[in-house]
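Each residue of the sequence shown is one higher than the last, beginning at 1 in my numbering.
Backbone N, C-alpha and C fix where the C-beta goes; we use that ideal spot for every residue, glycine too.
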Amino acid sequence: MRSKAYFLRCPLPFIFILTLILFPASAFSATIHVPADQPTIQAGIDAASAGDVVLVADGTYTGTGNKELDFGGKAITVRSESGPANTIIDCEGDGRGFSFHSGEGQDSVVSGFTITNGKGGHGGGVYCYDSSPTITNCIIKDNSTQY
Numbered sequence: 001m002r003s004k005a006y007f008l009r010c011p012l013p014f015i016f017i018l019t020l021i022l023f024p025a026s027a028f029s030a031t032i033h034v035p036a037d038q039p040t041i042q043a044g045i046d047a048a049s050a051g052d053v054v055l056v057a058d059g060t061y062t063g064t065g066n067k068e069l070d071f072g073g074k075a076i077t078v079r080s081e082s083g084p085a086n087t088i089i090d091c092e093g094d095g096r097g098f099s100f101h102s103g104e105g106q107d108s109v110v111s112g113f114t115i116t117n118g119k120g121g122h123g124g125g126v127y128c129y130d131s132s133p134t135i136t137n138c139i140i141k142d143n144s145t146q147y
């Protein structure tokens with residue numbers, strides 16, 4: 001058994017604790033690129049952990065994995081590389097762009113997309129239920145709802 005004096009001489013525990021204080025978990029966040037790292041936006045969201053950024057390349061995103069996007073309660077950012085004029089989520093009249101229903105808060109962020117041609121029972125482009133995500137720099141147009 002080592003004495004207390006050993007731990008006082010060993011700087012590793014001190015360095016570890018200091019690192020946690022000076023560099024909180026958000027400093028260790030990852031950037032997941034779609035489609036370079038993950039093939040769809042939903043796959044990027046699924047691979048993300050709290051504090052991560054899912055960065056979506058320019059283009060028009062359609063089909064399974066690129067609509068009805070669900071953060072699953074994660075505090076992550078999903079944003080486009082170049083803004084809403086260059087990054088479009090086209091729901092093709094079948095589903096919504098985003099669905100927030102797992103208590104997402106302001107740290108769940110969507111930024112820089114055009115969301116179009118969505119159709120849902122409630123919320124054609126974006127659906128929020130018991131959630132308050134941050135949606136910024138988005139164009140939500142030509143969506144419809146049944147209610």
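- In the structure shown, the three-state DSSP call for I45 is helix.
- Excluding sequence positions up to five before and after I139, its CB lies within less than 6 Å of the CB of P84, T114, all in the same chain and listed in chain order.
- With fewer than 16 neighbouring CB atoms inside 10 Å of its own CB, Q146 falls in the exposed class.
- Assigned with DSSP and collapsed to three states, F98 falls in strand.
- Less than 7 Å divides the Cβ of G118 from the Cβ of G97.
- Beyond the five residues adjoining it in sequence on each side, Q106 comes within less than 8 Å, by CB distance, of S132, P133, T134 in the same chain, given in chain order.
- Of D142, H101, A48, the smallest CA-CA separation from D130 is found for H101.
- If you compare the alpha carbons of D58, E68, G59, F28 with that of D46, the shortest gap goes to E68.
- Of all alpha-carbon atoms in A30, N143, V34, D37, the one lying nearest the alpha-carbon of G93 is that of N143.
- Nearest Cα to L55 within the set S29, V34, G72: V34.
- Here G103 has G73, D130, S131 as same chain residues with Cβ atoms under 8 Å from its own Cβ, once five neighbours each way along the sequence are excluded.
- Around the beta-carbon of T116, 16 or more other beta-carbon atoms lie within 10 Å, marking it buried.
- Closest by C-alpha distance to T40, out of S82, T62, F71, G51, is T62.
- Ranked by Cα distance from G123, the first of T136, C91, S111, V109 is C91.
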